[in-house]
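Chains as they are written, first to last, in our numbering: chain A, 10 to 119; chain B, 6 to 118.
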């Protein structure tokens, strides 16, 4: 099976930087996804890492270390609209699907 | 493509009634997923299909839940009889292959009273 852990809640200040961590245990690893979900809306894809290292996309970056079973999502220059839940999901070729973590609720304060 | 389309967006029904949720995946996607989301349990995978075939239904809560995918462009999730504890947001998602990026529909908010 798979075990995915991420913090339940985080709070940060507008304009700051926040790092949301995700650890996982799995076999047949085929990539790690980050999704953003605003309250009352559907999850939307943010990033995908399959190789070790940092992937940058505007204010958002995602990092992966396969040997450590570890990823993080880095959000820079936080804006109020970044307040949302951030879901880590692990792709598994053996299972043919991705498994989601419980999500981290980020609150950005003025 | 219009994305994953779910209907209805909202459903309020009485306990004991049958509920049918519908989903149209993105054209060309081979995998379709049904999720349930609540505050208490987060996002739970109920069942997923590859090429219209159910692969893993271990997340289906009980026999009251059933899902079908008669063709590549349509799936249903049925609850019969419905119970108040089934109240949740039900998402349908599709992807090109099961472990790649998933595209979610807007969800169906189900309330069973």
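Glycine residues also receive a C-beta, built at the ideal position from the N, C-alpha and C atoms. Quick caveat: nothing in here was measured; it's all calculated off a predicted structure.
Same chain, Cβ closer than 8 Å to residue 101(A), neighbours up to 5 away in sequence not counted: Short of 8 Å from the beta carbon of residue 101(A), and not among the five residues preceding or following it, lie these beta carbons of its own chain, in chain order: 11, 35, 36, 37, 38, 39, 107, 108.
Against chain A, does residue 77(B) count as a neighbour if the rule is that its beta carbon must be under 8 Å from one of theirs? no
For residue 75(A), name the three-state secondary structure that DSSP assigns. coil
Using a beta-carbon distance below 8 Å, is residue 82(B) in contact with chain A? no
Would you mind sorting residue 24(B) into buried or exposed? The rule is 16 or more other CB atoms within 10 Å of its CB. When all chains shown are included, residue 24(B) counts as buried.
Measuring only between beta-carbons, confirm whether residue 62(B) sits less than 8 Å from chain A. no
DSSP three-state call for residue 114(B): helix, strand or coil? strand
Using DSSP bridges, identify the partner residues of residue 85(A). According to DSSP, residue 85(A) bridges with nothing at all.
Enumerated in chain order, which unbroken segments of the beta strand (DSSP E) with a length of 3 residues or greater are wholly contained in the segment 22–80 of chain B? 24–29, 36–43, 47–55, 58–61, 70–76
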